[in-house]
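Chains as they are written, first to last, in this note's numbering: chain A, 72 to 313; chain B, 83 to 411. C-beta: ideal position from N, C-alpha, C; glycine also.
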Amino acid sequence: MSVTARAAALIVAFLCVAGLGAFVAVYYIGSASQLPTVQYTASGGQVNVALQEDPGNNSTTSPDWVTYYTQDPTTKQWLHTTLFSVPAHTKVNVTIYGYDGCTPLRNNFWGQVQGTLGNTVTVQQFDKNNHRLGPSTTTSLINSWASCSVAHTFAIPEIGLYVPVASPNANNSVNNLCGTYPCTPTSGGAYSLETFSFMSPGQTGSYRWQCLIPCGGGFINGNGGPMQTLGWMGGFMNVVSA
Amino acid sequence: MSSAEIQAPAGRHAAEREPQHTWWLVAVWLVLSLAACLVIWFVWYPHLPPGDMTTSARHQQFDIAVLAVSAAPVILGVWLYFGYVLVAFRAKPGDDSDGAPIFGNTKVSATWIIGTSVIVLWLFVFGTIELIGPAGAGAGEGASPIWKLSGNQTAAWTPGANDMLQVQVIGQQWTWSYRYPQFGGMESTVLDLPVNTPITFHVTSLDVIHSFWPYLLGVKADANPLVDNVAYTTARQTGSFIVRCNELCGIWHGAMTSNGNVMSQTAFKVWATAVQLRERANGTLAALPPYSLTYDPTVIPQLGKDLVKVVGVTGAPGYYYGPGNPVTP
């Protein structure tokens, strides 16, 4: 190979690597910066956070990825973001609408509720017609290996918060899931309504949260796609001054 | 005219007034080396990482200090010679002659060969001793460790009995959990350990390769799926520490941390028993798989069947979704 050809090959290789780096930076960092952060403000020393997890989404890029949505407290609109902020050292009341079907936990230990006030969650099941299925239950464990009962988890490891998010039951998980995203209680899908509370940390900053079920279906070991992309199955809870 | 004839007059002229370069260099080098070694040993050593919280950490701190003491004379020798040459043998203006040839100088050759051989052999012997002595130096030794830490192998752990505490470290994207088989197989998100107790870590992973790195404990062991990687240590001080992942394992690798505490043996017993009782009461212990040195992430023993596996791709939705629908639920 001539010197000219080698130099050309070197330049092309350099441009490829530089281009790949630029693409990664724009794709990940650029897209991350576009995510809105939902601001939750306290009232009476408490703050109410509402999330939902769906089997699909209303994006044009990856409509078949599972995802979380966050509700804007003012407009009540569901925003496709996983960034939200809460005041420091405040009781955070979380409501999660579980529209996605069940998935066994890879490590069933994450079925244990940890870090909530009382180390429990309260779950109410609804059918596709938005009718309650039985009474609500307060529990410290949702055993996804014993029955079809968990869709995802909501975990903030840095503060020791690990919460399994209940799913519709087995029959509803197979036959009656919501198909229009973001889902609503009247959009024709069965769902679970889970509530719990925890204290936000006193120290301000960004606290990572994620799902601990490898729910990136179609990716190796289920940990790709929505599991590896900010704004889908993981995000940040920004703790701000109260 | 030969080169010898050209250099000879200059060489003779220089020899008449040359100082004793070698002895001067050796004297200065000895003084500087002694000073550096004393500073390293008495000033730096007590503050060197990773500290002395455990036996393995203490050995690593000692190793770093010894290696620094070993390296300091070498580095100083190079720097001193380099600086001395720049000053003493700088060419005079207009002097374009070559320096005296040293090829074939037996003293230089012998000094070089003996010196480097001694250094390499010393590092080999010291490194071997420090690897074997503290039972693998806190590193993962694989499923069948060669150098084992002594301690009683018991089914239940008792304070003050020199019982080996077994701790299973489970890495998963992107957090750690810890199982204690001597406490009913209870699992925790916090790595609590008793002081003055031989500890065996069984490190494994449920997905990709992670690396268990409680820096202050002086322990680092890769967490591989379907592999039991064993590492040993003995905590000597109480206190808190952080566990990090030291293997790039995905988007949240940098945030894959957890907390740990070394506490008194009595306090540890109280803590572990309390966690065991709580997890027994709320059903967690019964929901966990039987304790095993490794876990196949595609198998859920309680379900009695494999998760869906499609040509190397494990569908996250598990057995609830058939092979015909591996992409999304």
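Who are the Cβ neighbours of residue i in its own chain at under 7 Å, not counting the five residues just before and after it?
i	result
Gly267 (chain B)	Arg261, Leu367, Leu370 and Tyr373
Tyr166 (chain B)	Leu107
Ala80 (chain A)	none
Val309 (chain B)	Ala225, Thr286 and Thr376
Gly186 (chain A)	Ile230, Gly231, Leu232, Tyr233 and Phe269
Ala313 (chain A)	Ala113, Pro158, Ala159, His160 and Thr161
Closer than 6 Å by C-beta to residue i: which residues in its own chain qualify, once you throw out the five before and the five after it? Chain order, please.
i	result
Gln250 (chain B)	Arg261 and His284
Arg77 (chain A)	none
Thr236 (chain B)	Asp245
Asp198 (chain A)	Leu204 and Ala261
Show which residues of chain A have a CB atom less than 9 Å away from the CB atom of residue i.
i	result
Thr376 (chain B)	Simply none; closest approach about 13 Å.
Gln255 (chain B)	Gln281, Leu283, Pro285, Asn292, Asn294, Met298 and Gln299
Trp295 (chain B)	Neighbours of Trp295 (chain B) on chain A: none; closest Cβ ~16 Å, over 9 Å.
Glu212 (chain B)	Correct list: empty, because the minimum Cβ distance to chain A is about 35 Å.
Ser259 (chain B)	Asn178, Phe180 and Trp181
Is DSSP giving residue i helix, strand or coil here?
i	result
His223 (chain A)	strand
Val290 (chain B)	coil
Pro206 (chain A)	strand
Gln195 (chain A)	strand
Leu114 (chain B)	helix
Phe85 (chain A)	helix
Lys147 (chain A)	coil
Asp145 (chain B)	helix
Gly242 (chain B)	coil
Arg15 (chain A)	Here chain A comprises residues numbered 72 to 313, so residue 15 (chain A) is not present and cannot be evaluated.
Thr282 (chain B)	strand
Gly92 (chain A)	helix
Ser130 (chain A)	coil
Leu212 (chain A)	strand
Tyr170 (chain A)	coil
Tyr127 (chain B)	helix
Lys162 (chain A)	strand
Pro296 (chain B)	strand
Thr75 (chain B)	No answer is possible for residue 75 (chain B): the residues shown for chain B start at 83 and end at 411.
Gln254 (chain B)	strand
Arg140 (chain B)	helix
Tyr98 (chain A)	helix
Leu122 (chain A)	strand
Val151 (chain B)	helix
Leu158 (chain B)	helix
Ala221 (chain B)	strand
Which residues in the same chain as residue i place their Cβ atom closer than 8 Å to its Cβ, once the five residues preceding and following it in sequence are excluded?
i	result
Thr271 (chain B)	Thr257, Trp258, Ser259, Tyr260 and Ser340
Tyr278 (chain A)	Ile227, Glu229, Ile230, Pro272, Phe307, Met308, Asn309 and Val310
His141 (chain B)	Glu212, Gly215, Pro216, Ala219, Gly220 and Gly300
Pro263 (chain B)	Gln248, Gln250 and Tyr373
Who are the neighbours of residue i on chain A, taking C-beta pairs under 7 Å?
i	result
Pro101 (chain B)	Going along chain A, no residue has its Cβ under 7 Å from Pro101 (chain B), so there is no contact; the nearest lies around 51 Å.
Asn306 (chain B)	Correct list: empty, because the minimum Cβ distance to chain A is about 13 Å.
Gly332 (chain B)	Asn294 and Gln299
Kindly list, in the order they appear in chain B, the residues whose Cβ is closer than 8 Å to that of residue i.
i	result
Phe267 (chain A)	Ordered by position in chain B, no residue passes the 8 Å Cβ test against Phe267 (chain A), which lies about 15 Å from the chain.
Leu212 (chain A)	Asn364, Gly365, Thr366 and Ala369
Gly231 (chain A)	Thr271 and Val272
The ligand GDP and residue i: does any heavy atom of the ligand fall closer than 6 Å to the residue's C-beta?
i	result
Gln110 (chain A)	No copy of the ligand GDP appears in this structure; indeed no ligand is present at all.
If the cut is a Cβ gap below 8 Å, which residues of chain A does residue i touch?
i	result
Ser340 (chain B)	Pro228
Can you list the residues of chain B that residue i reaches, using a CB-CB cut of under 7 Å?
i	result
Gly182 (chain A)	Ala369
Of all the alpha helix (DSSP H) runs that stay within the bounds of the region 161–213 of chain B, which reach a length of 4 or more residues?
none
Where are the alpha helix (DSSP H) runs, 4 residues long or more, that stay fully inside the region 234–294 of chain A, in chain order?
241–246
So, does the region 259–272 of chain A touch the region 153–165 of chain A, judging by three or more C-beta pairs under 8 Å?
yes
Touching by the beta-carbon criterion (3+ pairs, under 8 Å), the region 182–197 of chain B and the region 136–153 of chain B
no
Is the region 176–186 of chain A touching the region 197–214 of chain A, taking contact as three or more C-beta pairs under 8 Å?
yes
Continuous alpha helix (DSSP H) assignments of at least 4 residues falling wholly in the region 305–380 of chain B
347–363 and 366–369
When the Cβ atoms of the region 117–128 of chain B are set against those of the region 161–179 of chain B, are three or more pairs found closer than 8 Å?
no
How about the region 286–302 of chain A and the region 320–338 of chain B: do they share at least three Cβ pairs that are nearer than 8 Å?
yes
Quick one: any contact between the region 241–251 of chain A and the region 281–291 of chain A, if contact means 3 or more CB pairs under 8 Å?
no
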